[in-house]
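Worksheet: the structure to be examined is printed underneath.
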Amino acid sequence: MIDLKHRVTRFVSATERRVWLTALVAAVIAYGLFELTGEVLEGETRAFDESVLLALRDPTDPALPIGPAWLTKMMVDITALGGVTVLTLIVTLVVVYLALRRKFRTALFVTASILGGWALSSALKLGIARPRPEVVQHLVEVSDMSFPSGHAMLSAITYLTLGAMLSRLEETRTLRYFFPLVAVVLTLIIGLSRIYLGVHYPTDVLGGWAAGTVWACGSWFVARWMLGR
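Count along the sequence shown starting at 1, add 6, and that's the number in our numbering.
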């Protein structure tokens, strides 16, 4: 009986540490996002942004990216993983999977959380209205505003939220860490691809990552409250 009580106490203590750590990370990132947005609106980051974009292009011709031709093609393929079409397909498949496992509340929560994050991304873009980079040629077609990067933010919202939700369903310790790790890797490479392709400034991507991570952390908190462990 004493051993069981000790184990429960250790579990609760570990859970509380994760909750407070997540809250601290979300607060720090939110503050950083606020400061970054202010710097972007004041034009303080322009020199840094343009220098990074130019460093990724041929010095003799800014229209040509550095590296072999296959690298550009790979970046185009990677960036598609953060597009609305691919993300919608992935979310739909995961929601169907959750429904088949009779996790209906989790499926509904995932859908509402991700759609809410996508709406926030559109609102931020329209509200800040930062034009796309013009210092280098775009290697893929774009049409909306620049800050925050929609691909970076939507991939962070979608993949981090799905990673957190799927890890909750696994009892195996390795698999519980596998899904969040995959989510983080996908989010990072998608954001970096947008910079390489010249369609976003580095600060656009940083802003997208920050906003998406804060939203995903908030979703995690709400999930703990609504869905339990």
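Backbone N, C-alpha and C define an ideal beta-carbon position, used for all residues, glycine too.
By Cβ distance below 6 Å, which residues in the same chain neighbour V14 in space, the five residues on each side in sequence not counted? The predicted model places V14 with a pLDDT of 42, which falls under 50 and marks its position as unreliable, so this point remains unresolved.
Sort L70, D64, H157, M171 by Cα distance to L198 and report the nearest one. Closest in alpha carbon position to L198, among L70, D64, H157, M171, is H157.
Pick out the complete alpha helix (DSSP H) segments inside the region 94-155, 4 residues or longer, and give them in chain order. Runs found: 110-134.
Please state the DSSP three-state secondary structure of L203. Looking at L203 - three-state DSSP - the assignment turns out to be coil, as it is neither helix nor strand.
Of the residues G224, G214, T219, which one's Cα is nearest the Cα of I134? Ranked by how close their Cα comes to the Cα of I134, the residues G224, G214, T219 have G214 in first place.
Assuming V146 contacts V205 (C-beta within less than 8 Å), just tell me the rounded distance between them. Contact between V146 and V205 is confirmed by a C-beta separation of about 6 Å, below the 8 Å threshold.
Contact between the region 128-142 and the region 89-102: three or more CB pairs below 8 Å? Cβ pair count under 8 Å is below three, so no.
Neighbourhood of S119 by C-beta distance below 7 Å, restricted to the same chain and skipping five residues each side: Closer than 7 Å at Cβ, skipping near neighbours: T167, S225.
Backbone CA spacing between E50 and P71 [nearest angstrom]: Taking C-alpha positions only, E50 is separated from P71 by approximately 25 Å.
Would you kindly report the start and end of the unbroken alpha helix (DSSP H) that includes L59? Looking at the DSSP string, the run of the alpha helix (DSSP H) that includes L59 is 52-61.
What distance in whole Å lies between the Cβ atoms of L212 and L104, which are believed to be in contact at a cut-off of 8 Å? So it is not a contact: roughly 31 Å between Cβ atoms.
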